[in-house]
Each structure stands twice: as structure tokens, then as C-alpha cells.
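For the sequence shown, my numbering begins at 853 and goes up steadily by one.
Note sheet for the following structure.
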Amino acid sequence: VIGFEFSALQFYNLKQNRLAWKLEGFDRDWTYGNPGEGIATYTNLDQGHYTLMVKARRPSGVWDEPSLELPITVYPPLWKDKRYRLAMLLIVVATLFTLYKRRVDVFNRTREQLEQEVEKRTSEIIEQKEQLRAEKDYAEHQRELAEQARRNILLLSEIGRDIGNSLDIDAIQNVFYKHV
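This is the structure in C-alpha cells:
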């Protein structure tokens, strides 16, 4: 909205003063104000160049030639300006780049944490595997010892049966020599 207020420099018989105005580029015809008043208001002017022309009527009724020619330039709204749009585009691109960079940083930190966790778990698994292998080797050794003890007990049982079956000294000696 833009408004203008005019007055004529004729102070004798003010009620007889009349003003007319025309915004060249917007108005087709002159707009005549009420006697003693000169207020022009324009709304929704498109961007562009205009010229405001004002003329006055003398108390004798004769209209003067336009005595005021005021050039007016209406610039586009901020959101229609190319520089504003370019600035907004740069801000959006910078924001997107920053968000992307932050996301990549979060991703990299998460990846590093996961790699450390994998290394930790892998070393734990390798340690458990070595412990299980040692326990398995120990169990195998214990099984072999138990098997050897069982064989020795069977041998002693067999020797005891052979000795118990015969009470002859020569037979007992032969049994000992045979098994030992």
C-alpha cells in the first residue's frame, strides 16, 4: 500500500481548490479528488516504473498542466527478487551440506565404535577358543590317563586271576614274566 497527500498552494477560498492525479502506468484516466481534499492510495502495484502526475484547478475553474511529476519505482517483494532467491538457495544448499556432513560424521563414529566392538568380541572369541582348546587337550590327556589306568587295572585283574587259579610257584613266575 502506498499513499500520497496533496495540497494546492492557493490559500484563498480553499474549498474551491480541487486536485486531480494520475499514476501513469496504472491509471487510465485522471482521478479527481473532492474539493479541498487530495489523498491518493494505491494497493497491489506490480513491480515496475510509474510516474505520479498531479494537477490543480484554480478557483476560476481552469485546470493547470500537471505541476508535479514524481517517478516511482516499485521493486518486487523480497521473495520474488533474484538475489533473495539465490541467497535462499545458497542457505538451503549450505544447510543440506551441513546436515549431510553431520550425518556422515555420525555414521563414521558409529562405524568406528562398531569396528572396536567387533575387534573386542573377536579377541574374546579367540581367547575362548584357545581356552576351550586347552580344556579339550586337558580332557583328552585325562581320558588317556584314565584309559591307561583302566588297562592297568584289567592287567592286574588278569594277573590276579592267573595267580589265584594256580598255586604253583613256577606258574606264578611264568605269569609275572609273561605280563611284565
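Using N, Cα and C, we set each Cβ at its ideal position, and we do this for glycine too.
All figures in this text were calculated on a predicted structure; none of them were measured in a lab.
Can you tell me which residues form a DSSP beta bridge with residue i?
i	result
Glu857	Ile891
Since residue i contacts residue j with CB under 8 Å, what's their CB separation in whole angstroms?
i	j	result
Asp898	Val926	7 Å
Leu904	Ile891	So it is not a contact: roughly 13 Å between Cβ atoms.
Thr893	Val853	7 Å
Report yes if the C-beta distance between residue i and residue j is below 8 Å; otherwise report no.
i	j	result
Gly885	Ala872	yes
Ala860	Ala939	no
Gln868	Pro929	no
Determine the closest residue to residue i out of the options, with distance taken between C-alpha atoms.
i	options	result
His901	Thr893, Asp916, Leu875	Leu875
Phe878	Arg870, Ile943, Thr895, Arg954	Thr895
Phe856	Val906, Leu997, Arg870, Pro928	Val906
Asp916	Arg870, Asp957, Trp931, Leu1007	Arg870
Minimum length 3: unbroken beta strand (DSSP E) runs contained in the segment 866-954: For the segment 866-954, whole beta strand (DSSP E) runs of length 3 or above, ordered along the chain, are 870-876, 891-894, 900-909, 920-926.
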